[in-house]
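Residue numbers (the numbering used here): 1143 to 1301. Only one structure is covered here, and it is reproduced in the block below.
Set out below in structure tokens:
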């Protein structure tokens, strides 16, 4: 059997396991890489080399920072302050968070800004009953992309 057909079969099995949802996604992904190496589709460095990528390490670090912001209560405090500044208007919140995320991502990596803003938005939606987090996350993501594209500093490679 050719390596391309074998790799497609491994890929299909991984998709079935993802849909079946009995194993964690990370376990399925690593098992797929192991299967590729054992069956000779690719070498070890090719299969596992991207786990040491600077983008993956950056994303993991930013997720840790985002979780710590949420766990310490800082996200809730910032959310309360933003609600006071915007007088509770969701339209002002959307515009304000969009602009702040665009400005911040022009000077920081856009994935870091997004990962820091998500716990803040979740804290904001918990502090107010009429503000929905689903209405604020997409404008922040778009602001991060536009701010990141405006400079070479803020733009990172996309995963």
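Glycine included, each C-beta is placed from N, C-alpha and C at the ideal position. Treat the numbers as computed from the prediction; the structure is a model and nothing was measured.
Nearest C-alpha to residue 1275 among 1179, 1151, 1217: 1217.
Around the beta carbon of residue 1259, a 10 Å sphere encloses 16 or more other beta carbons of the protein chains shown; the residue is thus reported as buried. Counting only runs that start and end inside the segment 1201-1264, the alpha helix (DSSP H) elements of at least 4 residues fall at 1216-1227, 1232-1249. Counting along the chain, the unbroken alpha helix (DSSP H) around residue 1167 starts and ends at 1167-1180. Considering only 1263, 1159, 1143, the residue with the shortest C-alpha distance to residue 1225 is 1263. For residue 1149, the enclosing alpha helix (DSSP H) has its first and last residue at 1145-1162. Contact between the segment 1182-1201 and the segment 1235-1248 is not established, with fewer than three Cβ pairs separated by less than 8 Å. CA-CA distance, residue 1221 to residue 1252, rounds to 20 Å. Following the DSSP letters along the chain, one finds residue 1188 inside the alpha helix (DSSP H) bounded by residues 1186-1190.
A direct Cα-to-Cα measurement between residue 1265 and residue 1250 gives close to 22 Å. With fewer than 16 other Cβ atoms from the protein chains shown falling within 10 Å of its own Cβ, residue 1206 counts as exposed. If you check the CB distance, residue 1211 and residue 1278 do not come in under 8 Å. Cβ contact annotation for residue 1184 (same chain, cutoff 6 Å, sequence separation greater than five): 1178, in chain order.
If you draw a straight line from the Cα of residue 1240 to the Cα of residue 1228, it is about 13 Å long. Here the C-alpha atom of residue 1214 lies approximately 11 Å from the C-alpha atom of residue 1261.
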